[in-house]
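Below is one structure; the comments refer to it alone.
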Amino acid sequence: MNNILLENVQQTMNAIKADPEVGKKNFSARINWQDGVQNQASIGEFPPLLMDEPQPLGGMNKAPNPVEYLLAAAVGCFAITFEVLASQRGIALEKVEAQIEADIDAAVFLGIKEGHGGIQNPTIKLRAITTATEQQVKEIAQFALRKSPVLLSLQAEINLVTE
């Protein structure tokens with residue numbers, strides 16, 4: 030359904046039900062400083078991603094900054110969760126577009142003032158053309174908000190180890 034390998038998803042679900050440890054997976058990413066505030070992110074066997082900052086924050090604006098990658102990951106995870114959930118319910122997807130916007134207070138990041146330095150007021154806009162009713166789309170989208178691993182990770186406490 031919708032070119033999602035639902036058989037694989039079901040096999041994974043069955044394996045996790047039989048042994049919950051199967052559902053635990055370790056992910057990692059590695060950063061290597063390049064120059065200035067440019068860093069290269071390596072994730073698995075994929076081509077590296079460049080990160081930079083805009084010029085007002087000391088960068089050369091040669092690539093998205095980490096906050097932009099975070100937002101892309103958040104909305105991407107939400108969309109994938111929505112697509113899988115809809116497909117599991119037999120809903121055909123013609124088009125799914127999701128956009129996220131959020132604010133950030135650079136004064137906190139730069140140490141000018143105290144406060145919340147992370148993203149604020151995140152808003153996801155979803156546009157889905159499907160065989161589902163508007164109510165079904167809303168229900169699946171709300172469920173995706175509650176189950177998206179990346180969105181949930183934004184609430185996680187980070188453990189720091191320095192070497």
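Numbers 30 to 192, taken from this note's numbering, label the letters of the sequence shown in order. Glycine included, every Cβ here is placed at the ideal spot set by N, Cα and C. These figures come from a predicted structure and were not determined experimentally.
Item                                                                                                                                                         : Value
Are there three or more Cβ pairs, one per stretch, closer than 8 Å when the region 173–187 is compared with the region 96–105?                               : yes
Are the region 122–137 and the region 150–166 touching, with three or more C-beta to C-beta distances below 8 Å?                                             : yes
Applying the criterion that 16 or more other CB atoms from any shown protein chain within 10 Å of the CB defines a buried residue, is E74 buried or exposed? : exposed
Is it the case that the Cβ atoms of I45 and V38 are separated by a distance below 8 Å?                                                                       : no
Check for me: the beta strand (DSSP E) holding R118 runs from which residue to which?                                                                        : Careful: R118 lies outside any beta strand (DSSP E) and carries neither H nor E.
So L79 is in the beta strand (DSSP E); what residue range does that whole segment cover?                                                                     : 78–80
Helix or strand or just coil, what does DSSP make of K176?                                                                                                   : helix
For S116 versus N31, is the C-beta spacing smaller than 8 Å?                                                                                                 : yes
Mind checking who Q84 pairs with in its DSSP beta bridge?                                                                                                    : DSSP output for Q84 lists no bridge partner at all.
Identify whether V190 lies in helix, strand or coil by the three-state DSSP scheme.                                                                          : coil
So, at 6 Å on beta carbons, what are the nonlocal neighbours of E168 in its own chain, with the 5 sequence-adjacent residues on each side left out?          : none
Which one or two residues does DSSP pair with N94 in a beta bridge?                                                                                          : BP columns for N94 are empty, so no partner.
For E74, which of helix, strand or coil comes out of DSSP?                                                                                                   : coil
On the DSSP letters alone, give me the boundaries of the beta strand (DSSP E) that A157 sits inside.                                                         : 149–159
Using a Cβ-Cβ cut-off of 6 Å (strictly less than) and excluding sequence neighbours within five positions of L78, which residues of its own chain qualify?   : A70
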